[in-house]
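Written below as structure tokens is the structure these notes are about.
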Amino acid sequence: MGHTRAYAYVRGSPLPKGGSFQEQMLSETILRERNEKYTLVSLFIRLLGRMAEVRPDDIDHLLETYREELYQFRYNSEYVTSQQKRKRTDAANERVLARQFKRLDDMTVTDEDIPNEDD
Numbered sequence: 505m506g507h508t509r510a511y512a513y514v515r516g517s518p519l520p521k522g523g524s525f526q527e528q529m530l531s532e533t534i535l536r537e538r539n540e541k542y543t544l545v546s547l548f549i550r551l552l553g554r555m556a557e558v559r560p561d562d563i564d565h566l567l568e569t570y571r572e573e574l575y576q577f578r579y580n581s582e583y584v585t586s587q588q589k590r591k592r593t594d595a596a597n598e599r600v601l602a603r604q605f606k607r608l609d610d611m612t613v614t615d616e617d618i619p620n621e622d623d
């Protein structure tokens, strides 16, 4: 709830007492405002993505970056650690997939590999 008091201070609002009902209400209000901002931005970006034919992966990356900043996840050490772990896992999965595709390419039979009856 510490971020709630900081947010109230930046807005110039009176600071509620820590753990009070007013602080909980302010926290809920801030969360709802952030949810509304995220919803509007995500709808707008997806609309632009359809109009400009942007790849869905690029849109998802933009929204993820915006969400991290809006909800201040970037400052949460547990979140950062889980994101790093996810990126390592994704990279490992991509390497495995690349190896599997290479093996598949090596096993693929082309027309040149098939003997002609005319020969």
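Each residue of the sequence shown is one higher than the one before, starting from 505 at the first, in this note's numbering. Every residue, glycine too, gets a C-beta built ideally from N, C-alpha and C.
- Counting the other Cβ atoms within 10 Å of the Cβ of ALA512 gives 16 or more, which makes it buried.
- Ranked by Cα distance from ASP564, the options GLU573, ALA556, ARG550, GLU557 are led by ARG550.
- By the C-beta density criterion, LEU601 is exposed, having fewer than 16 other C-beta atoms within 10 angstroms.
- TYR570 is the residue among SER517, GLU532, LEU535, TYR570 whose C-alpha sits nearest the C-alpha of LEU547.
- Ranked by Cα distance from TYR542, the options ASP562, LEU567, PRO560 are led by LEU567.
- By alpha-carbon distance to GLY522, the top candidate from ALA510, GLY516, ARG515 is ALA510.
- Every unbroken stretch of the alpha helix (DSSP H) spanning 4 or more residues and falling wholly within the region 567-622 is given here in chain order: 581-611.
- Pairing PHE577 with GLN526, the inter-Cα distance amounts to about 24 Å.
- Exposure of LEU552 is indicated by the presence of fewer than 16 other C-beta atoms within 10 angstroms of its C-beta.
- In the structure shown, SER524 adopts coil according to DSSP, grouped into three states.
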